[in-house]
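Add 12 to a position in the sequence shown, counting from 1, and you land on the number used in our numbering.
Yeah, the Cβ is synthetic: ideal placement off N, Cα and C, and Gly gets one too.
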Amino acid sequence: MSQLNSPPSPSRDDYINDQLTPSPQPSTDDTACPICFENYSVTNEPIIRTHCNHTFHRECFVAWLGKEDINSANSCPNCRAVCFPKAEHKKETGLALDMSFLYNTMRTEYVAQLPAPLRPATRAVSDEEMMRMAFGDDLDAD
């Protein structure tokens, strides 16, 4: 654990088993899996929702992530939100890794809560701007 007593960042398997939410119905905007492009239906394979609120067929998303190794994906195929640290970062410990994961998670959750006209699809929010909105304007003060 880090100096902040935060829980450790999830592994690939932890993310798949504990943080993918079963979703009986995708939102009305999502009619097809963005990975395989097949329509969602009750007879198709299970649908999951990621921590960044995107829906996929469970099997497609797990295949997207691949096996846990250096070349595997560790982010959402829609928005690139980091789901878990990559295998090569496992040896990193402490505050740096936890803060990086925390920042990426906070940014994803913050952007997901923005009204539609402000979301990155229509308006890019820079990292600096996001930090200013989250923590105030006094970022450069000593």
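{"Asked": "If you draw a straight line from the alpha carbon of A85 to that of Y52, how long is it in whole angstroms?", "Found": "23 Å"}
{"Asked": "For P34, which residues in the same chain have their Cβ closer than 7 Å to its Cβ, ignoring the five residues on either side in sequence?", "Found": "P58 and I60"}
{"Asked": "May I ask you to report which of helix, strand or coil DSSP gives I47?", "Found": "coil"}
{"Asked": "Are the CB atoms of C95 and Y27 within a distance shorter than 7 Å?", "Found": "yes"}
{"Asked": "For the candidate residues P97, D25, Q31 and P46, whose alpha-carbon lies nearest to that of H69?", "Found": "P46"}
{"Asked": "Does R24 pass the burial test, meaning 16 or more other C-beta atoms within 10 Å, or should it be called exposed?", "Found": "buried"}
{"Asked": "With a CB to CB cut of under 8 Å and the five nearest residues on each side skipped, what residues in its chain are close to G78?", "Found": "S84 and A85"}
{"Asked": "What are the boundary residues of the alpha helix (DSSP H) that F73 is part of?", "Found": "R70 to L77"}
{"Asked": "With DSSP as the reference, please indicate the residues paired to T67 in a beta bridge.", "Found": "R61"}
{"Asked": "Since I believe C88 is in contact with H64 (beta carbons under 8 Å), could you give me their beta-carbon distance rounded to a whole number of angstroms?", "Found": "The identity of residue 64 in the sequence shown is Cys, whereas the question assumes His. The Cβ separation is near 5 Å, so the contact holds."}
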